[in-house]
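> Got a structure for you, written out below as structure tokens; questions coming shortly.
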Amino acid sequence: MAREVNPQETSRAAAFELWMKAPNPTVTFFKTLNVTNLVKFSRRKKLKFNMLLDWCIGKAAADIKEFYLLPVADKLIRYDTLAVNTIVKNRIGEVSSCDILFNPNLETFNRDYLQYTAQTAERCENRDLTDSMVIGTSAILDTELDGVVGMVSGIYNNPFLFWGRYRRKLFSYFLPISFQFHHTQMDGAHAGRFLEILQKEIDSLS
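Using our numbering, you'd call the opening residue of the sequence shown number 1 and step up by one each time.
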């Protein structure tokens, strides 16, 4: 469920006043994650790497209350649930967008991920969950990336993570990621905590 809230009755009141009409209200953090455990878990369980990373992203965001508030147009909207978006190559060689409701149960999330990404690829239609706060992701697997700064359109204010191919160093694997967020939604401290929790979620997969 999504509902408009009075910004003055939230912890983001000052940020709403400062950043809603700023010409560039987004901030981008760059961080290199150690994804060794994620790679090994993916291979051992025969699960998709990007699905696992999407699940860890949802799990890391789920306990941070700022993720449930999002500036939409000139309003502040509170959501009850989170979803993770993934970009899918469809059957005609283009890309489509697919939102997957976050579920803390990995088996359920994986089942939904496989079902809805397959449907999206076949139908060549975006799957949008408008009643959930959607965390965008984009995996550019054609190359390694050091970082990405996304487009600031003023239309799509959702937080977004970008990454390319992971890199091997001796017996470990590392993945540089970019995390872009709207300053009205959260501050740097919230974003930093999210990225630290994300690393812990990756390390704790077992």
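Every residue gets a Cβ at the ideal spot worked out from N, C-alpha and C, and that includes glycine.
Just confirm the distance between the C-beta atoms of Asn-85 and Asp-63, as a whole number of angstroms; I'd bet it's less than 8 Å.
What you label residue 85 is simply residue 85 of the sequence shown in a count that begins at 1. What you label residue 63 is simply residue 63 of the sequence shown in a count that begins at 1. The Cβ separation is near 20 Å, so there is no contact.
> On the premise that Ile-135 lies in contact with Asn-103, defined as a C-beta separation below 8 Å, what is that separation, rounded to the nearest angstrom?
Indexing the sequence shown from 1 puts residue 103 at position 103. Indexing the sequence shown from 1 puts residue 135 at position 135. Not a contact, Cβ separation roughly 14 Å.
> Return the first residue and the last residue of the alpha helix (DSSP H) that Asn-37 is part of.
The residue labelled residue 37 in the question sits at position 37 within the sequence shown. From DSSP, the alpha helix (DSSP H) with Asn-37 extends over 36 to 45.
> Grab the span of the alpha helix (DSSP H) containing Ala-13 for me, first residue to last.
Position 13 of the sequence shown holds residue 13. Where Ala-13 is concerned, the enclosing alpha helix (DSSP H) stretches over 13 to 19.
> Please classify Leu-38: is it buried, with 16 or more other beta-carbons within 10 angstroms of its beta-carbon, or exposed?
Residue 38 sits at position 38 when you count from the first residue of the sequence shown. Flag for Leu-38 reads buried.
> For Thr-32 and Gln-180, which I take to be in contact (beta-carbon distance under 8 Å), what is that distance rounded to the nearest angstrom?
The residue labelled residue 32 in the question sits at position 32 within the sequence shown. The residue labelled residue 180 in the question sits at position 180 within the sequence shown. The Cβ separation is near 16 Å, so there is no contact.
> For Gly-147, write down the residues that DSSP places opposite it in a beta bridge.
Here the question's residue 147 lines up with position 147 in the sequence shown. Paired residue(s): none; Gly-147 is not in a bridge.
> Do the CB positions of Leu-76 and Asn-6 come within less than 9 Å of each other?
As a working note, residue 76 is residue 76 in the sequence shown. As a working note, residue 6 is residue 6 in the sequence shown. In this structure, Asn-6 lies closer than 9 Å to Leu-76 by Cβ.
> For Ala-13, which residues in the same chain have their Cβ closer than 8 Å to its Cβ, ignoring the five residues on either side in sequence?
Counting from one through the sequence shown, the residue named residue 13 turns up at place 13. For Ala-13, where only same-chain residues beyond five positions count, the Cβ hits under 8 Å are Pro-7.
> Which partner residues does Val-72 have in the DSSP bridge list?
Looking up residue 72 in the sequence shown gives position 72. Val-72 pairs with Lys-75.
> Report yes or no: do the stretch 153 to 171 and the stretch 67 to 83 share at least 3 C-beta pairs separated by less than 8 Å?
Result yes; three or more Cβ-Cβ pairs closer than 8 Å.
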